[in-house]
Amino acid sequence: MTWQPHITVATIVEDRGRFLLVEELKAGRHVLNQPAGHLEANETLRQAAIRETLEETAWQVELTGVVGIYLYTAPSNGVTYQRVCFAARPLSHAPERALDDGIVQATWLTRDQLAAQPERWRSELVLRCIDDYLTGPLHPLSVVRD
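Start counting the sequence shown at 34; every next residue gets the next number (the working numbering).
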């Protein structure tokens, strides 16, 4: 069997009603996404979420729970992704830190500001994960076994 989903992580970081998002260049367009990326070899899902958030936003975060696990097939290329979405709180920012290639900037938006720009979402999971975070439940980190 050759089909394999891509395992990814994403992190919902909220601060006073605003959410940390990345503006990234994808297929010639600037799109919005949570800090997110692929699980790497010899890394736990939690480690991946913290690493990706730091690399894409220059924010160090502390994970606080699991929002959900999502299965998504991208209509653009037919690739299936399994996304484990974590919640986190911001700890510290290193604005001098270079961001990952393809990341234009990290930005903070309210849910309504994001909802008003559906043409800029990388996928429908961007708003869905925030809405799931807001409506709950937030699952304990212990639900993820390393």
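Ideal Cβ positions, reconstructed from N, Cα and C, are used throughout, including at glycine.
ask   = Looking at C-alpha atoms only, which residue of Ile40, Leu65, Val46 and Ile45 is the closest neighbour of Pro151?
value = Taking the sequence shown and counting its residues from 1, one reaches residue 151 at position 118. It is Leu65.
Unbroken stretches of the beta strand (DSSP E), 3 residues or longer, contained in the segment 38-78 = 39-48, 51-59, 62-66 and 69-71
query = Which full runs of the alpha helix (DSSP H) of 4+ residues lie inside the segment 94-130, going along the chain?
reply = none
request  = Can you give me the start and stop residues for the beta strand (DSSP E) that Leu142 sits inside?
outcome  = Taking the first residue of the sequence shown as position 1, residue 142 is located at position 109. Note, Leu142: beta strand (DSSP E), Ile136 to Thr143.
task = Pick out whichever of Ala127, Val100 and Ala131 has its Cα sitting closest to the Cα of Val117.
result = Start at 1 with the first residue of the sequence shown, and residue 117 comes out as number 84. The candidate whose alpha carbon is nearest that of Val117 is Val100.
message = For Glu95, which residues in the same chain have their Cβ closer than 7 Å to its Cβ, ignoring the five residues on either side in sequence?
response = Translated into positions along the sequence shown, residue 95 becomes position 62. Counting only Cβ-Cβ distances below 7 Å, and skipping sequence neighbours, we find Ala121, Arg122 and Leu124.
task = Can you say whether Ile163 is buried or exposed, counting buried as having 16 or more other CB atoms within 10 angstroms of its CB?
result = Residue numbering aside, residue 163 sits at position 130 when the sequence shown is read from its first letter. Classification for Ile163: buried.
ask   = Would the segment 69-87 and the segment 35-47 be scored as touching if the rule is three or more Cβ pairs under 8 Å?
value = yes
query = Near Arg130, what residues of its chain come up, given a Cβ to Cβ distance below 6 Å and the 5 sequence neighbours on each side ignored?
reply = As a first step, residue 130 is located in the sequence shown; it is residue number 97 there, counting from the start. Taken in chain order, the residues that qualify are Ala91.
key: Where the alpha helix (DSSP H) through Leu174 begins and ends   = Translated into positions along the sequence shown, residue 174 becomes position 141. That residue, Leu174, is in no alpha helix (DSSP H); it is neither H nor E in DSSP.
message = I believe Leu104 touches Gln93 by the beta-carbon criterion, under 8 Å. Please report the beta-carbon distance rounded to the nearest angstrom.
response = Position 71 of the sequence shown, counted from the first residue, corresponds to residue 104. Position 60 of the sequence shown, counted from the first residue, corresponds to residue 93. Wrong, their Cβ atoms sit about 29 Å apart, outside the cutoff.
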